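Student:
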Amino acid sequence: MTTAVFLAHTAAPSGAELATLRLLDALRATGRYRVTMIYTEDGPMVARMRARDIETLVVRGQFDSRAMRIGTGVLGLLTGFLALLRLGWNVGAAVKSAGADVVVAESTKALVLGAVAARRARVPLVWQVHDRVSPDYFGRIPAMAIRALARLACRGQLANSHATATTLPDLPTAIAYPGVELPVTQTDPRTRPAAEAVVVVVGRLSPWKGQDVFLHAVAALTVRPARVMLVGGTFFGEEPYRAQLEKLAAELGVPVEFTGHVDDPSEYLTTADILVHCSVLPEPFGQVVVEGMAAGCAVIAATPGGPAEIIDTGVHGLLVPGGDVGALTAALETLLDDPAARARLARAGRDRARDFDIHASARTVADFLDTMVTRGD
Ligand code: GLC
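Just so we're aligned: 1305 in my numbering is position 363 of the sequence shown, and the numbers increase by one with no gaps anywhere.
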């Protein structure tokens, strides 16, 4: 049995961390891997991991992940970076005592931590990449620096989509789509008439997720759906964006229900007619697209990025260019006006979602980690 230690800098329940939770559970179920999770702060993910009986440690340092995010000045970045290195050293001790054969870093900050920790524990480092390492997301210089670090420190990388892989350095790479835990019971598509329909957007409220584009698109509809819901919280200083969205909804006269963060969005997904994904930057993968499809929603998702690898437009859902209000309005009109077409797409989407079973992803990850552990040791 091989031991893999996973590293994350945040224990907030955002997409990458939830993907890691599902992966660890399924990786362990392969019977080939023993897994340990290390966070460098306390947060909801610690209890959620432990609830699944996954060994979870919290190794704290002087490092405040929120003080160092995209947009921080050079000095802030540098101070944060040094604190990360120090913390990485302590993480290295924990990695060693966990008996790791390989360390997997789950974010860019975890990559810095992992570079130090893996060196201290003398095990290979693998980077599981959830973000596109591109100038539009990180800025030009940080994106270059991150790629350079990965090339230096990692033996290989796991990308959450081809879209993400194209932004990564030239290292051994496998594509491991974040899998979903497929529902045990199938839910039938919802076919309410336009004026009774329920439309949801599920995901963190963040400017790049484009919820404002969605509100503009809804405002332009000839027949408004009965319920419009934004399901998702703010974790990384995004509260002002929520306030902006509330103001915008009021100005546009669109009644929107804000649920805040929910641990399990399935009650919304299994009752909505339509799930909208509307990121304005290319989405690295877009787990919610698959989750919506698996729950029987008709899905509209934004291109370019991961969703285009999930959906054939007009077959499993509809793709629209991210940030294009007119195109999103038109796609919503199409699905709202024709419940039969909506149901057809939803049914095909539900079948397509089965290709993203977490157990298949876990096998891909296990096979790749096997090559990392044996290569050159
Ligand atoms: C990040 C990405 C998202 C992806 C998730 C899991 O949250 O932004 O697109 O689905 O990680 O890999």
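All residues carry an ideal CB built from backbone N, CA and C; glycine is no exception.
Values in this document were obtained by computation on a predicted structure and should not be read as measured data.
Kindly indicate the opening and closing residues of the beta strand (DSSP E) around residue 948.
Tutor: 944-950
Student: Have a look at residue 1064 and residue 1145 and give me their C-alpha separation to the nearest angstrom.
Tutor: The C-alpha of residue 1145 is placed about 38 Å away from the C-alpha of residue 1064.
Student: In the DSSP output, which residue or residues are listed as bridge partners for residue 975?
Tutor: Beta-bridge pairing links residue 975 to 944.
Student: So for residue 1027, helix, strand or coil by DSSP?
Tutor: helix
Student: Could you please go through the chain and list the residues whose beta-carbon is closer than 7 Å to any non-hydrogen atom of ligand 1?
Tutor: 956, 957, 958, 961, 1072, 1073, 1102, 1120, 1225, 1226, 1227, 1228, 1229, 1248
Student: In chain order, which continuous runs of the beta strand (DSSP E) of length 3 or greater are located wholly inside the stretch 1117-1163?
Tutor: 1140-1144
Student: Tell me where the beta strand (DSSP E) around residue 1169 begins and ends.
Tutor: 1169-1173
Student: Using CA atoms only, rank isn't needed, just tell me which of 1197, 1304, 1088, 1070 is closest to residue 1115.
Tutor: 1070
Student: Which partner residues of residue 1067 appear in the DSSP bridge assignment?
Tutor: Bridge partners of residue 1067: 1045.
Student: If we count the other Cβ atoms within 10 Å of its Cβ and call it buried at 16 or more, is residue 1054 buried or exposed?
Tutor: buried
Student: In terms of residue numbering, what span does the beta strand (DSSP E) encompassing residue 1245 cover?
Tutor: 1240-1245
Student: If you draw a straight line from the C-alpha of residue 1300 to the C-alpha of residue 966, how long is it?
Tutor: 10 Å
Student: Pull up the DSSP beta-bridge partners for residue 1218, would you.
Tutor: 1242
Student: Do you know how far the Cα of residue 1035 is from the Cα of residue 1319?
Tutor: Residue placement at residue 1319 is poorly supported in this model, since its pLDDT is 47, which falls under 50; the coordinates still yield a value, given next. Spanning the two alpha carbons is a distance of roughly 20 Å.
Student: In or out: residue 1039 buried (at least 16 other Cβ within 10 Å) or exposed?
Tutor: Exposed, since its Cβ has fewer than 16 Cβ neighbours within 10 Å.
Student: By how many angstroms is the C-alpha of residue 1155 removed from the C-alpha of residue 1216?
Tutor: 16 Å
Student: Pick helix, strand or coil for residue 1113, following the three-state DSSP scheme.
Tutor: coil
Student: Under the three-state reduction of DSSP, which class applies to residue 1200: helix, strand or coil?
Tutor: strand
Student: Do you know whose CA, among 1108, 1219, 1003, 1128, lies nearest residue 1212's CA?
Tutor: By alpha-carbon distance to residue 1212, the top candidate from 1108, 1219, 1003, 1128 is 1128.
Student: Which residue's Cα is closest to the Cα of residue 1283: 1260, 1031, 1293?
Tutor: 1260
Student: Could you have a look at residue 1312 and say whether DSSP puts it in helix, strand or coil?
Tutor: helix
Student: Report the rounded CA-to-CA distance for residue 1186 versus residue 1316, giving the unit in angstroms.
Tutor: 51 Å
Student: Check this for me: beta carbons of residue 982 and residue 947, under 8 Å apart or not?
Tutor: no
Student: Less than 8 Å between C-beta atoms, sequence neighbours within five positions excluded: which residues of the same chain meet that for residue 1239?
Tutor: 1131, 1132, 1142, 1211, 1214, 1215, 1216, 1217, 1288, 1291
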